[in-house]
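For the sequence shown, the UniProt record's numbering gives the first residue as 1, with consecutive numbering after it.
Note that CB positions come from ideal geometry on N, CA and C, so glycine has one too.
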Amino acid sequence: MRLLRGGGRSGLLPSIARGTRMSEFRVTKPHMLRESKAYASQTLMGGLSGFESPIGLDRKDRLDALKTGDIGFVHSWDINTSVDGPGTRMTVFMSGCPLRCQYCQNPDTWKMRDGQPVYLDAMIKKVERYKDLFQLTGGGITFSGGESMQQPRFVTRVFRAAKEMGVHTCLDTSGFLGKNYTDEDIRDIDLCLLDVKSGDEETYRRVTGGTLQPTIDFGKRLSAQGVKIWIRFVLVPGLTDSEENVENVARICEQFGDSVEHIDVLGFHQLGRPKWHELRIPYPLEDAKGPSAGLKGRVAGQFKAHGFVVY
Ligand code: SF4
């Protein structure tokens, strides 16, 4: 995941031809709305520009709608090129994450309740709006976070609708919540940006607070279904950089076979530090430095020795 500035920029691009009819995923029902004077002016700006948010829902309706995927809690979205998958993409950053990575750049996405609820059909309309642009550039939609697998029904229903429109789909995830996805859900993923954050359970727990095995299990399921995988590994000196840890990450990636197209070695940086300060969360990497060119070269060499293409 990259550093988010909360700047959904729907105005950056010209309107794209709409033409295509809406799919049948129009599921928001009028009874879900409550009378609210605020409702008329609830279109969200900034990182959620262009979305009508169901702020009129009471708590129970929200929970029900979340379970079915009728709404999703979203931090922000943007349009980018060659950052979160091929071509020009719409990337949606979902709120909520069960991990607590020491190097997280976006701790403001950790709590789902800090996101804004967005209707499923509003999201699908947005995808449809950019459909022609995606086809022209070989792009599509990417779900990132936070951890988008925390809201599986919303994301998988948007992906299903995207596939019906012929739009490329990409999931950016740690795989930690892979159990939330059925095999049928996985079939609608064209590409997965899979974070393998460390190569053994002990290091993984130290880095993320979570467990590694779910990532391995999810990667194997992706591979079994022929889903393409771009591995992401964040290189933090003193935390993830030991030769043994990198070797273990490489061996895990080997288990995903030909699905792995390349490995991105991402050097740690401090751009996320101000958010930790702003949120008053103790920041464990306060004084950490990014990797030297020599260290990056050594790690890339280790992955290459296992036959991987490394960026
Ligand atoms: S998986 Fe880690 S880096 Fe990504 S949002 Fe969660 S805590 Fe942050």
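{"Query": "Inter-residue Cα distance where the pair is K220 and Q255", "Result": "7 Å"}
{"Query": "Three-way DSSP call (helix, strand, coil) for L295 in this model", "Result": "helix"}
{"Query": "Through-space distance from T211 to G297, alpha-carbon basis", "Result": "28 Å"}
{"Query": "H277, DSSP secondary structure in three states", "Result": "helix"}
{"Query": "Minimum C-alpha distance to Q302 - residue among R251, S76, G257, P282", "Result": "R251"}
{"Query": "Closer than 7 Å: R100 CB and nearest the ligand SF4 heavy atom", "Result": "yes"}
{"Query": "Segment limits, alpha helix (DSSP H) that includes K179", "Result": "First-last for K179: undefined, no H or E at that position."}
{"Query": "Among G145, G140, D70, the one whose alpha carbon lies nearest that of L120", "Result": "D70"}
{"Query": "Residue environment, P274, which counts as buried when at least 16 other CB atoms sit within 10 Å", "Result": "exposed"}
{"Query": "Ordered list of alpha helix (DSSP H) runs contained in the stretch 160-225, each at least 4 residues", "Result": "183-186, 201-208, 213-224"}
{"Query": "Burial state of H262 (16 or more Cβ within 10 Å)", "Result": "exposed"}
{"Query": "Under the three-state DSSP convention, the category Y63 falls into", "Result": "Here residue 63 turns out to be Leu, not Tyr, going by the sequence shown. If DSSP states are grouped into helix, strand and coil, L63 belongs with the helices."}
{"Query": "Extent of the continuous beta strand (DSSP E) to which V265 belongs", "Result": "260-267"}
{"Query": "Status (buried if at least 16 other CB within 10 Å, exposed otherwise) for D217", "Result": "exposed"}
{"Query": "Beta-carbon spacing of L99, E147 below 8 Å", "Result": "yes"}
{"Query": "Spatial distance of T81 from Q102 (CA atoms)", "Result": "28 Å"}
{"Query": "Residue interval of the alpha helix (DSSP H) (run including Q135)", "Result": "131-137"}
{"Query": "Close beta carbons around G272, own chain, < 8 Å, minus the five adjacent residues each side", "Result": "L3, Y103, C104, Q105, N106, P107"}
{"Query": "Residue environment, G294, which counts as buried when at least 16 other CB atoms sit within 10 Å", "Result": "exposed"}
{"Query": "DSSP-derived helix/strand/coil call for G72", "Result": "strand"}
{"Query": "Boundaries of the alpha helix (DSSP H) in which V246 is found, first to last residue", "Result": "243-254"}
{"Query": "N245 beta carbon near the ligand SF4 (any heavy atom closer than 7 Å)", "Result": "no"}
{"Query": "W230 - containing beta strand (DSSP E), residue span", "Result": "228-235"}
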